[in-house]
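Under UniProt numbering, the first residue of the sequence shown is numbered 1, with each subsequent residue one higher.
Report on the following structure.
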Amino acid sequence: MSRRRQIYEGKAKILYEGPEPGTLIQYFKDDATAFNAQKRGTINGKGVINNRISEYVFTRLAHIGIPTHFIRRLNMREQLVRQVEIIPIEVVVRNVAAGSISKRLGIPEGEPLPHTLIEYYYKDDALGDPMVAEEHIACFGWANNEEMQDISSMAIRVNDFMCGMFATIGIRLIDFKLEFGRIWDGDYSRVILADEISPDGCRLWDMATGEKLDKDRFRRDLGGEEEAYQEVARRLGLLDNEGGPSEVLDLGAHRKLRTKK
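Here is the structure:
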């Protein structure tokens, strides 16, 4: 088997050349980072869980007409996606004050915002992903006006859908990050949803207890990161309540088990 050509490696994923033109293989790592990679660690099985959750969410979003780069899941850690030209903007959708907005504006964490808020951040780790306005995006040509209208419209639709999806399983969607990319057909391009949607990029709180079920457990040294990610997957119906999740999520243990059979 020929060695796959690596296209890009980020903090949580690796992209490889896909089997067909215009496709990529997206590999989910267990690496965990926070504060623009100033804090690094590993959450065992995170890549497997995020692969499944992102597949689930992207598939359901496609059912309501949101165009995405997702094609299909290939195995426990990989999925086939469309190759896109990433727009260098992180789109953050906020429903409840938490994280940086609480620090910037002095709003108590957990306070509902008067209405859903969309913020934009320029994707540049060296600069710390600075917050930008739509005027910056237009001025520097990162996206045009029509693309920004599509992005904001899709972001609101994704938020409305996910708020309801998570509420039905007792989880409150506090905020989340989206990334978008362009796909081209000759001289014409359109914007589609890209990257992933998982507890890595969402703040998810248990509705009854307020317990954090996302990467804030890693950021704030709360512990229980593996269990929190598994709990989200379990509530979405992606993990059984019985059977040993470690055999599925811990690749080393899984290989040893298969070797003994």
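Each residue gets a CB set at the ideal place from its N, CA and C atoms; glycine is no exception.
{"query": "Whether or not the segment 94 to 104 and the segment 142 to 153 are in contact is what I'm after, with contact meaning three or more pairs of Cβ atoms, one per stretch, closer than 8 angstroms; do they touch?", "result": "no"}
{"query": "Count the CB pairs spanning the segment 156 to 164 and the segment 8 to 20 that are closer than 8 angstroms, and state whether there are at least three.", "result": "no"}
{"query": "Can you tell me where the alpha helix (DSSP H) holding Ile156 begins and where it ends?", "result": "Asn145 to Ala167"}
{"query": "May I ask which residues mark the beginning and end of the alpha helix (DSSP H) holding Ser54?", "result": "Lys46 to His63"}
{"query": "Keeping to the same chain, check which residues put their C-beta closer than 7 angstroms to that of Met154; ignore five residues upstream and five downstream.", "result": "Ile66 and Leu193"}
{"query": "Note down the Cα distance separating residue 278 from Ile169, rounded to an integer number of angstroms.", "result": "Given a span of 1 to 261 for the chain in the structure shown, any question on residue 278 remains unanswerable."}
{"query": "Please go through the same chain and pick out, in chain order, the residues whose beta-carbon is closer than 7 angstroms to the beta-carbon of Pro245, but skip the five residues on each side of it.", "result": "A caution first: Pro245 carries a pLDDT of 43, below 50, which makes its placement in the model unreliable, though a value can still be read off. So the list reads Gln230 and Leu239, once near-sequence residues are dropped."}
{"query": "Which residue's Cα is closest to the Cα of Val92: Lys177, Ile171 and Arg77?", "result": "Lys177"}
{"query": "In the structure shown, what three-state DSSP assignment does Phe140 receive?", "result": "coil"}
{"query": "Count the other C-beta atoms from every protein chain shown that fall within 10 angstroms of the C-beta of Tyr120, then say buried if there are 16 or more, exposed otherwise.", "result": "buried"}
{"query": "Can the beta-carbon of Arg182 be found closer than 8 angstroms to that of Trp205?", "result": "no"}
{"query": "Could you check the C-alpha separation between Thr209 and Tyr16 for me, to the nearest Å?", "result": "40 angstroms"}
{"query": "Assuming Val132 contacts Leu113 (C-beta within less than 8 angstroms), just tell me the rounded distance between them.", "result": "Rounded, the Cβ-Cβ distance is 20 angstroms, inconsistent with contact."}
{"query": "Given a cut-off of 8 angstroms, decide if Ile43 and Ala32 are closer than it, judged by their beta-carbon atoms.", "result": "yes"}
{"query": "On the criterion of 16 or more Cβ atoms from any shown chain inside 10 Å, does His140 qualify as buried, or is it exposed?", "result": "As written in the sequence, residue 140 is Phe, which differs from the His given in the question. Exposed, by the Cβ-count rule."}
{"query": "With a threshold of 8 angstroms on Cβ separation, who are the neighbours of Asn36 within its own chain once the five nearest residues in sequence on each side are excluded?", "result": "Asp125, Gly128 and Asp129"}
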